[in-house]
Amino acid sequence: MQKYIPGKLSTFFSRYKTITYKKGETILRSDDKPQGVYYVKTGFVKLNTIFENGREHTLNIFKAGTYFPMMWAIGRIPNSYFFHAQTEVIIYRAPKASVLRFLKKNPDVLFELTRRILIGLDGILQNIEFILCGDSYHRVLGALFLSAKRFGEQKKEGEITIKIPLTHQDIANIAGISRETATLAIKRLRKKKIIIYKKRFIVIVSIKTIEKELSLDKKEGRVPIVA
Numbered sequence: 001m002q003k004y005i006p007g008k009l010s011t012f013f014s015r016y017k018t019i020t021y022k023k024g025e026t027i028l029r030s031d032d033k034p035q036g037v038y039y040v041k042t043g044f045v046k047l048n049t050i051f052e053n054g055r056e057h058t059l060n061i062f063k064a065g066t067y068f069p070m071m072w073a074i075g076r077i078p079n080s081y082f083f084h085a086q087t088e089v090i091i092y093r094a095p096k097a098s099v100l101r102f103l104k105k106n107p108d109v110l111f112e113l114t115r116r117i118l119i120g121l122d123g124i125l126q127n128i129e130f131i132l133c134g135d136s137y138h139r140v141l142g143a144l145f146l147s148a149k150r151f152g153e154q155k156k157e158g159e160i161t162i163k164i165p166l167t168h169q170d171i172a173n174i175a176g177i178s179r180e181t182a183t184l185a186i187k188r189l190r191k192k193k194i195i196i197y198k199k200r201f202i203v204i205v206s207i208k209t210i211e212k213e214l215s216l217d218k219k220e221g222r223v224p225i226v227a
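The sequence shown begins at 1 in UniProt numbering and counts up by one.
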């Protein structure tokens with residue numbers, strides 16, 4: 001199999017028209033039949049489930065260069081999730097059949113998709129662990145740790161900027177708690193100088209401190225920051 005060539009995927013999707021969504025707009029509802037495969041050109045898209053009581057839980061966030069809903073496209077599983085624009089988003093939408101033909105002809109791209117799916121699955125499983133086993137403080141720590149892995153940019157040793165604007169509500173939705181509870185945990189983290197804010201971004205002062213708080217420093221094979 002040939003080595004994956006960055007840009008091949010974006011070149012394929014760029015043949016199709018772009019669609020722009022404003023921050024907060026719904027791209028897909030849980031009962032919608034997708035009109036194709038959506039490729040994120042710029043911005044962030046969150047995948048949510050909404051419970052009967054109205055509470056929202058964020059399961060994943062798609063960044064530029066990723067595409068969805070592949071469970072529907074490849075697995076033929078009806079879409080049961082909401083996709084919302086986390087920020088202003090520009091998306092290419094390609095026909096499902098065209099995307100499947102492209103993936104079959106380009107196993108390197110399919111392999112890269114599989115790699116990304118497995119990284120995402122690892123994050124979801126870790127978040128489940130944090131939610132099931134942690135109090136609200138550790139749930140927020142877990143949400144920030146996973147966000148750093150997905151969207152982190154390391155400026156200097158140990159310090160990581162999460163390059164996606166996250167509100168207290170966004171963090172609460174990842175951690176599975178209320179906004180008020182998330183705010184209390186964030187205040188505690190700021191007081192302990194584990195995180196700071198630079199402009200609209202959260203900066204983790206020391207990722208090792210978070211790993212220690214989550215007892216991840218005792219586990220083998222610590223996962224690095226990924227692109």
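All residues carry an ideal CB built from backbone N, CA and C; glycine is no exception.
Item, Value
"Check whether the region 102–118 and the region 161–171 touch, using three or more Cβ-Cβ pairs below 8 Å as the test.", "no"
"Go ahead and pull the three-state DSSP assignment for serine 10.", "helix"
"Mind checking which residues open and close the alpha helix (DSSP H) that includes isoleucine 77?", "Isoleucine 77 -> no alpha helix (DSSP H), and no H or E assigned at all."
"How far does the beta strand (DSSP E) with lysine 198 in it reach, from first residue to last?", "195–198"
"Taking aspartate 32 as the reference, which of Phe83, Ile195, Leu100 and Gly142 has the closest Cα?", "Phe83"
"Measuring straight from C-alpha to C-alpha, what distance separates glycine 43 and phenylalanine 201?", "15 Å"
"Alpha carbon to alpha carbon, how far is isoleucine 214 from lysine 96?", "Checking the sequence shown, residue 214 turns out to be leucine, not isoleucine. Cα to Cα, the separation comes out at about 41 Å."
"For the region 23–41 and the region 148–156, state whether three or more C-beta atom pairs, one from each stretch, are separated by less than 8 Å.", "no"
"How big is the Cα-Cα spacing for valine 203 and alanine 172?", "17 Å"
"Can you tell me the Cα-Cα spacing of threonine 20 and lysine 149, whole angstroms?", "27 Å"
"In terms of DSSP beta bridges, what is histidine 84 paired with?", "Thr26 and Lys46"
"Check for me: the beta strand (DSSP E) holding lysine 33 runs from which residue to which?", "Neither: lysine 33 is in no beta strand (DSSP E) and is coded neither H nor E."
"Would you mind reading off the limits of the alpha helix (DSSP H) that contains threonine 181?", "179–191"
"The beta strand (DSSP E) that contains glycine 120, what's its start and end?", "Run containing glycine 120: none in the beta strand (DSSP E); it sits in the alpha helix (DSSP H), 107–133."
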